[in-house]
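Novice: Structure provided below as structure tokens; questions to follow.
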Amino acid sequence: MQMDRRAMVKGVAAAVVAAPAAAFASIGDSPKQSYFGAGAMSAPFGDVYGLTGPGIWSKMNDTERGIYERILGDSKKRLQSVEDYINNNEWDRSRTALRLGMYETRKAMIRINEASGSQEAKDLFAKFKRQLEATDFALAKKDGALAFKLRAATEVTFSQWLASVGL
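Sequence positions in the sequence shown follow my numbering and run 8 to 174.
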């Protein structure tokens, strides 16, 4: 009778040790779990079914382009409004007006640059950023004449960039 109990304990121990072996992940595996025994593995975030047709996402659709055009139009008006603050020696307001919305402008310019693929547009974008930083520095130094010239140059570069991407 004791032999049977020992055999049974060994069998149960072997089953307990062998059961989760199918669920252990090895290096490089994504999370997997087997719900129905040692067979079919489920990988919920993997490409299980393959491509079923063309994707619905596009690099730059009309709606996205319209949003970026609106942002860039607002940015152009904002650049022009800085001139009034410079003329009135309102340095803090001029810097605020210059910086306001520039993160959105930068994002819009980067996305439109990616969609256009134009090297000229990328070069003008880099020039625009340098001029914008120089204008901000001139405003911080309260140098009105230099800030006025740099703001005008920044606006010209921005207009050239808009023309280079077809806006």
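Don't be surprised by glycine CBs; every beta carbon is placed ideally from N, CA and C.
All figures in this text were calculated on a predicted structure; none of them were measured in a lab.
1) Measure the Cβ-Cβ separation of residue 104 and residue 77 and say whether it is below 7 Å.
2) Per the contact definition of three or more C-beta pairs closer than 8 Å, is the region 131-142 in contact with the region 163-172?
3) Which residue marks the beginning of the alpha helix (DSSP H) containing residue 7, and which one marks its end?
4) Cα separation between residue 151 and residue 158?
5) For residue 79, which residues from the same chain have a beta carbon less than 6 Å from its beta carbon, with the 5 sequence-adjacent residues on both sides left out?
6) Just reading off the alpha helix (DSSP H) that residue 65 is part of, what are its end residues?
7) CA-CA distance, residue 123 and residue 65?
8) Under 8 Å Cβ to Cβ from residue 109, same chain only, skipping five residues before and after it: list those, please.
Specialist: The answer reads as follows:
1) Counting from one through the sequence shown, the residue named residue 104 turns up at place 97. Counting from one through the sequence shown, the residue named residue 77 turns up at place 70. Their beta carbons are not under 7 Å apart, which means residue 104 does not touch residue 77 by this criterion.
2) yes
3) This structure cannot speak to residue 7, because the chain is shown only from 8 to 174.
4) For the purposes of this step, residue 151 is identified with residue 144 of the sequence shown, where counting begins at 1. For the purposes of this step, residue 158 is identified with residue 151 of the sequence shown, where counting begins at 1. Using only the alpha carbons, I get a separation of about 10 Å.
5) In the sequence shown, residue 79 corresponds to position 72, counting from 1. 115, listed in sequence order.
6) By one-based count along the sequence shown, residue 65 stands at place 58. No alpha helix (DSSP H) holds residue 65; DSSP gives it neither H nor E.
7) As a working mapping, residue 123 is identified with position 116 in the sequence shown. As a working mapping, residue 65 is identified with position 58 in the sequence shown. Going by the C-alpha atoms only, they are around 14 Å apart.
8) Counting from one through the sequence shown, the residue named residue 109 turns up at place 102. 82, 139.
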